[in-house]
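In terms of our numbering, the sequence shown opens at residue 3 and continues consecutively.
Yeah, the Cβ is synthetic: ideal placement off N, Cα and C, and Gly gets one too.
Presented below is the structure to which this report refers.
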Amino acid sequence: MSQSALVILHPGFEEMEAVAPIDILRRGEISVTVASLSTERLVTGKNSVSIQTDALLDEVLDNAFDMLVLPGGPGVNQGLRQDPRVQSMVQQQLAAGRKVAAICAAPLVLLDAGVLTGKAYTAHFTTENELPGRDTTAAVVVDGQITTSQGAGTATAFSLQVLAELTETSTAAKIAESICLQAPQ
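Structural data, given as structure tokens:
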């Protein structure tokens, strides 16, 4: 059975943190659905790059995905953190034994959802006031069902790790080799 992932885009998302997982997961033959948090399918990121999503979030709320991917960016505070649907999805995803991945400021959504207690995680340095316990040395941290990463510069490593979580390390290694990168260990 094919693995699936949902990537939620919010206005002001960090483009590298969205495109890298979408691209790498699709290269790894993961069925990726990109959903818009807003009421428009065209979502514009932090650097004015617009992405046409596959669906609106409301259209996929009842679907089960093996992985929920939350890109960061300055829109996290105004978008993802303010939307109760996202917190609920995070909680339901983990309660069902499925996985969640968050990068940059998006681990703040995990904090709001109450799922970081006792977990190892990382996030962007700008989250220090709210996430003082984050690992500041690791580009990507996996603790059980939760994968987190620091930011745009770690987006490819994050994406390869998410792929490895959904498939196998060898699949991530093949994709890393095909794009001239080292795979997660």
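Whole-angstrom distance between Ala175 and Asp114, CA atom to CA atom: 33 angstroms
The region 38-58 touching the region 100-110, judged by at least three CB pairs closer than 8 angstroms: Flag = no, the region 38-58 and the region 100-110 do not touch.
Which residues DSSP lists as bridging Thr149, in chain order: Ala103 and Val144
C-alpha distance - Gly14 paired with Gln94, whole-angstrom precision: Taking the CA atoms as reference points, Gly14 sits about 25 angstroms from Gln94.
Buried versus exposed call for Glu130 [16 or more other C-beta atoms within 10 Å across all chains shown]: exposed
Close Cβ partners of Phe160 (< 6 angstroms) along its chain, the five nearest in sequence each way excluded: Ile105, Val142 and Ser151
N- and C-terminal bounds of the beta strand (DSSP E) containing Val36: Ser33 to Ser38
Length of the line joining the Cα atoms of Glu61 and Gly116: Rounded to the nearest angstrom, the two C-alpha atoms are 25 angstroms apart.
For Ala98 and Ala72, believed in contact at Cβ under 8 angstroms, the rounded distance: Strictly speaking, residue 72 in this sequence is Leu, with Ala absent from that position. Between Ala98 and Leu72 the Cβ distance is about 17 angstroms, and since that is not below 8 angstroms, they are no contact.
Paired residues, beta bridge with Ala7 - DSSP: Val34 and Met69
C-beta atoms of Ala7 and Val164 nearer than 9 angstroms: yes
Residue of Glu170, Glu16 and Ile32 minimising C-alpha distance to Val78: Glu16
Where the alpha helix (DSSP H) containing Leu133 begins and where it ends: That residue, Leu133, is in no alpha helix (DSSP H); it is neither H nor E in DSSP.
Cβ distance (whole Å) where Thr149 is taken to contact Lys101 below 8 angstroms: 7 angstroms
Member of Leu96, Ser172, Thr156 and Gly47 whose CA lies at the smallest distance from the CA of Leu70: Leu96
Identified DSSP bridge partners for Ser52: Thr46
Run of the alpha helix (DSSP H) containing Lys176, from where it starts to where it stops: That run of the alpha helix (DSSP H) goes Thr171 to Ser180.
CA-to-CA distance, Arg28 to Gln5, given in whole angstroms: 10 angstroms
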